[in-house]
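**Student:** The listed protein sequences derive, respectively, from chains X and F.
Each residue of the first sequence is one higher than the one before, counting from 9 in the working numbering.
Each residue of the second sequence is one higher than the one before, counting from 414 in the working numbering.
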Amino acid sequence: MTYLLRGVRPLGGPARDVLLEGGRIADVGDRLDAAGAEVVDGDGLVALPGLVDLHTHLREPGREDAETVESGSRAAALGGFTAVHAMANTDPVADTAGVVEQVWRLGRRAGLVEVRPVGAVTVGLRGERLAELGAMADSAAAVRVFSDDGRCVDDAVLMRRALEYVKAFDGVVAQHAQEPRLTEGAQMHEGDTSAVLGLVGWPAAAEEAVVARDVLLAGHVGSRLHVCHVSTAGSVEILRWAKARGVRVTAEVTPHHLLLTDDEVRSYDPVYKVNPPLRTAADVEALRAALADGTIDAVATDHAPHAVEDKDCEWGAAAMGMTGLETALSVVQAAMVDTGLLDWAGVAERMSAAPAAIGRVPGQGGPLEPGRPANLVLVDPAARRVVDPYALATQGRNSPYRGRELPGRVVATFFRGRPTVLDGVLTEAPVHDLAEVGA
Amino acid sequence: MRHLLSAADLDTAGAVTVLDVAEQMAATQQREMKKLPTLRGRTVVNLFYEDSTRTRISFEAAAKRLSADVINFSAKGSSVSKGESLKDTALTLEAMGADAVVVRHPASGAPHRLAHAGWIRGAVVNAGDGMHEHPTQALLDAFTLRRRLRDGAPGEDLKGLRVAVVGDVLHSRVARSNVLLLERLGADVVLVAPPTLLPVGVETWPCETSYDLEAVLRGEHGDLDAVMMLRVQAERMNAAYFPSAREYSRRYGLDARRLSLLPPHAVVMHPGPMNRGLEISADAADSARSTVVEQVANGVAVRMAVLYLLLSGAPDEGIHS
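#1: Using a C-beta cutoff of 8 Å, does Met-717/F count as contacting chain X?
#2: Is it right to say Asp-162/X is buried, meaning 16 or more other beta carbons lie within 10 angstroms of its own, or is it exposed?
#3: Ordered along the chain, which non-local residues of its own chain (more than five positions away) have a Cβ less than 6 Å from that of Ala-84/X?
#4: Counting along the chain, where does the alpha helix (DSSP H) carrying Ser-338/X start and finish?
#5: At a Cβ cut of 7 Å, what residues of the region 191-214 of chain X count as close to chain F, listed as they run along the chain?
#6: For Leu-562/F, write down the residues that DSSP places opposite it in a beta bridge.
#7: Excluding sequence positions up to five away, which residues of its chain have a Cβ less than 6 Å from the Cβ of Asp-441/X?
#8: Does the beta-carbon distance from Arg-659/F to Asp-581/F come in below 8 Å?
#9: Taking 8 Å as the threshold (beta carbon to beta carbon), is His-634/F in contact with chain X?
#10: Just the chain F side, please: which residues come within less than 8 Å of Gly-324/X by C-beta, in chain order?
#11: DSSP state of Ser-487/F, grouped into three classes?
#12: My guess is that Asn-459/F and Val-515/F are in contact by the Cβ rule of under 8 Å, so how many angstroms apart are they, rounded?
#13: Taking DSSP as the reference, what is the three-state secondary structure of Ala-306/X?
#14: Nearest chain X C-beta to Leu-667/F closer than 8 Å, yes or no?
#15: Output the boundary residues of the alpha helix (DSSP H) element that contains Tyr-721/F.
#16: Quick one: measure Cβ to Cβ for Glu-68/X and Leu-133/X, integer angstroms, because I've assumed they're closer than 8 Å.
#17: When DSSP builds the beta bridges, which residues end up paired with Tyr-661/F?
#18: Any C-beta of chain F within less than 9 Å: which residues of the region 286-320 of chain X qualify?
#19: Could you check which residue in Gly-324/X, Asp-305/X, Ala-306/X, Gly-329/X has the C-alpha nearest to that of Ala-315/X?
#20: Residues of chain X with CB closer than 8 Å to the CB of Arg-597/F, please, in chain order.
#21: Is there a C-beta anywhere in chain F that falls below 8 Å from the one on Tyr-276/X?
#22: Near Leu-593/F, what residues of its chain come up, given a Cβ to Cβ distance below 6 Å and the 5 sequence neighbours on each side ignored?
#23: Asn-711/F and Phe-556/F look like a contact to me (Cβ under 8 Å); what is the Cβ gap, rounded to whole Å?
#24: For the candidate residues Ala-391/X, Cys-321/X, Asp-310/X, whose alpha-carbon lies nearest to that of Asp-495/X?
#25: Taking the DSSP output, what are the residues bridged to Asp-431/X?
#26: Using the three-state DSSP reduction, which class does Ile-693/F fall into: helix, strand or coil?
#27: Report the rounded CA-to-CA distance for Ser-623/F versus Glu-616/F, giving the unit in angstroms.
#28: Taking the alpha helix (DSSP H) that Ile-470/F belongs to, which residues open and close that run?
#29: Quick one: what's got a C-beta closer than 7 Å to Ala-43/X's C-beta in the same chain, skipping five residues either side?
#30: Which one or two residues does DSSP pair with Leu-28/X in a beta bridge?
#31: Please check if any C-beta of chain X sits within less than 8 Å of the C-beta of Gly-531/F.
#32: In terms of DSSP beta bridges, what is Thr-130/X paired with?
#33: Could you check the C-alpha separation between Ala-513/F and Val-457/F for me, to the nearest Å?
#34: Flag this pair as yes or no: are the beta carbons of Leu-384/X and Pro-57/X separated by less than 8 Å?
#35: Checking 8 Å against the spacing of the C-beta atoms, do Tyr-462/F and His-545/F come in under that value?
#36: What are the boundary residues of the beta strand (DSSP E) that includes Gly-80/X?
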């Protein structure tokens, strides 16, 4: 199938026609003519390379009541993503070649987005001994990102060994930086608000101490380190210092840490309970500046759907996490683009090129040039919408943006040359090639 | 007043109103016939997720003396680990027609959630939630202070009084509610604790802080009118909040010698239950300055006032929620 995207603005630049043919970008130019092509009116739409998420919880296997690879893939496509990294904290944990291949196959079957499994660093996420990282790397899933996300690899020796070991297959350890002893029973950011609300505090230092240790370790052994969901101004300072020294460290920030503060917790509504916790306005400002100047390389959603009953309760009993796939681009537009901190080319870099490079995902991340795989998203930045969690494709209803008006709307997503989303709705047919899947 | 979740729900006039109504309620309790018909036909549920016989029977007595029907509902453990969720319990209470729910819960914010999640329509009274607040305790403390150190006349506040609150402020809902309420009533509060037992962020509270009990008792922050000792759990030493119960007692306990540092009129308060020999010695607890038993008696009058104001449709000038 051939598609002609008429008058779209690649990376927010001048209007161009983009021709998609045979799963690739065939041409980019003015007044392209392609007989027989299906024409998509792109007037006013910004074209970006398909978004790549380094941090997604798809919950399958184990918590199919919260999300499945299929439902999460739908949410991802609607959010403009063409690749997502499925976190390893499933049940069973994705700590063997068998489990990562299962998740990878489920992703192929859903066929809406490239599902890249993340492998656990340690067996069962228990932080005791290394999982078979090499086997996961060599599997059909070709795992390159390893993380015990949800848990911190707090044993310094284990972390050092993991950093060293994954060099053999160009992997990266994505650390969930949370010193466990300093955060026992922690419920929210430790500061003025936690003092008033009587909730156990989560000091910024508990994150920063691990980030500092890990950049020193990564520098020492010359390995790649990726820091998940950076949430504090102090972490930003450490990252800036490490990068200046040439440490091979990359970092991500979530959309919610770019927009929301711990002030939301005053409602005691568990929809705002998340790990790492929402921080202060000063942290939000520092994170935005760091994303703008590249100290933070990428935006990652940490999409964390939960069953309704795990949030419809008192704060202390609630699960941590927020959904994010279908609101990420809008939140980044609100926090970064509409504030003048980042242009659309910058968004493409932070939400597509950089995460694709960190995750070593071939064929994703652009650029939007002839010959490249046709993974791209068309966004209407002028649109506005009020978020209704029940109207989203994710099974999780725990969107912190419920009832909020957000800018921007994903109009179309193309995955390997075929539309997964058109006119803002999922297309009927999944994109997968049955022969390819081996079905 | 729709709910009473935090002492901050009361402005100065609202807090004074509660104390005034409590004074009227206390007067009725001197009569032979203590029962008032005010809340006849109304249902008050005591929903207690923590053992607290003292607070529960105080609320129960208050509701019964106003002729309300009282249902006691005890549930232990958190909603997720065992039994029914807070939501389902709330829906059950709503179906049974609860006009007010008095809730004690180990999770900070649970009463707030109960009041605002749309599960029930009745009034919610916070009877202590986690480390957050215990507003009726602060009200009965303020009531006790006003009676002891003021005339107890209607309309009076606590302007100019200086109160030291001593002990485990970090984990104390009593301390949080008292800081808010006493400040609102015009009193000056100084918190005294080892630095480990003061929360990060306490510097934004409307009070002073000190690590030195003796200095505060000697009047270095101004002459004290009252010292309120908080219960300290000896187990806190296992989490390194202090080295040992003995050291805590030596540095922050109130004994006879320290008691003698106070001005003659100053009173000694404790929300109970007391750890005699840890935060307070028997001499201090049993001295003529001690208001401990009085606080218990005043608790019933204050809780009658709160239930009355929430349920009787009384005018609520100055009271917001």
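Backbone N, C-alpha and C fix where the C-beta goes; we use that ideal spot for every residue, glycine too.
A quick note: this is a predicted structure, and the numbers were derived from the prediction, not measured.
**Tutor:** Walking through what the data contain:
#1: Under the Cβ distance rule, Met-717/F does not count among the residues neighbouring chain X, no pair being separated by less than 8 Å.
#2: Buried, by the Cβ-count rule.
#3: Excluding residues within five positions, the ones whose Cβ falls inside 6 Å are Val-92, Val-121, Leu-333.
#4: Secondary structure note for Ser-338/X: its alpha helix (DSSP H) is the uninterrupted segment 336-340.
#5: Taking 7 Å as the Cβ-Cβ cut-off against chain F, the residues of the region 191-214 of chain X that qualify are Glu-198, Gly-199, Asp-200, Ser-202, Ala-203, Leu-205, Gly-206, Leu-207, Gly-209.
#6: Secondary-structure assignment with DSSP links Leu-562/F through no beta bridge to anything.
#7: Any reading at Asp-441/X must be qualified, since the residue scores a pLDDT of 49, below 50, and its modelled position is unreliable; no value is offered.
#8: No Cβ-Cβ contact shorter than 8 Å links Arg-659/F with Asp-581/F.
#9: Cβ-Cβ to chain X under 8 Å: no for His-634/F.
#10: For Gly-324/X, the C-beta contacts it makes with chain F under 8 Å involve Ser-491, Pro-519, Ala-520, Ser-521, Gly-522, Ala-523, Gly-543, in order along the chain.
#11: Note: Ser-487/F maps to strand in three-state DSSP.
#12: Contact flag correct, Cβ pair sits at about 5 Å.
#13: Here Ala-306/X sits in strand by DSSP.
#14: It does not: the Cβ of Leu-667/F has no partner Cβ on chain X nearer than 8 Å.
#15: Segment 705-724, the alpha helix (DSSP H) holding Tyr-721/F.
#16: Rounded to the nearest angstrom, the Cβ distance from Glu-68/X to Leu-133/X is 16 Å, too far for a contact under 8 Å.
#17: According to DSSP, residue pairing for Tyr-661/F in a beta bridge does not occur.
#18: Residues of the region 286-320 of chain X with a Cβ closer than 9 Å to any Cβ of chain F, in chain order: Glu-317, Asp-318, Asp-320.
#19: Of the listed residues, the one whose Cα sits closest to Ala-315/X is Gly-329/X.
#20: Within chain X, no C-beta atom comes nearer than 8 Å to that of Arg-597/F; the closest sits roughly 15 Å away.
#21: Closer than 8 Å to the CB of Tyr-276/X there is at least one CB belonging to chain F.
#22: Excluding the 5 residues flanking it on each side, Leu-593/F has same chain C-beta neighbours closer than 6 Å at Ala-420, Ala-421, in chain order.
#23: At roughly 5 Å, the Cβ-Cβ gap stays under 8 Å, so Asn-711/F and Phe-556/F are in contact.
#24: Any question about residue 495/X goes unanswered here, given that chain X covers just 9 to 447.
#25: Under DSSP, Asp-431/X takes part in no beta bridge, so it has no partner.
#26: In the three-state DSSP reduction, Ile-693/F falls in the strand class (E or B).
#27: Ser-623/F and Glu-616/F: Cα-Cα distance of roughly 11 Å.
#28: Ile-470/F: member of the alpha helix (DSSP H) spanning 466-478, first to last residue.
#29: Taken in chain order, the list of residues that qualify is empty.
#30: BP columns for Leu-28/X point to Tyr-11/X, Ile-33/X.
#31: For Gly-531/F, the answer is no, since every Cβ of chain X falls outside 8 Å of its Cβ.
#32: Looking at the DSSP assignment, Thr-130/X forms a beta bridge with Leu-138/X.
#33: CA-CA distance, Ala-513/F to Val-457/F, rounds to 5 Å.
#34: Yes. Within cutoff.
#35: No. Outside cutoff.
#36: Per DSSP, Gly-80/X belongs to no beta strand (DSSP E); it is in the alpha helix (DSSP H), 77-86.
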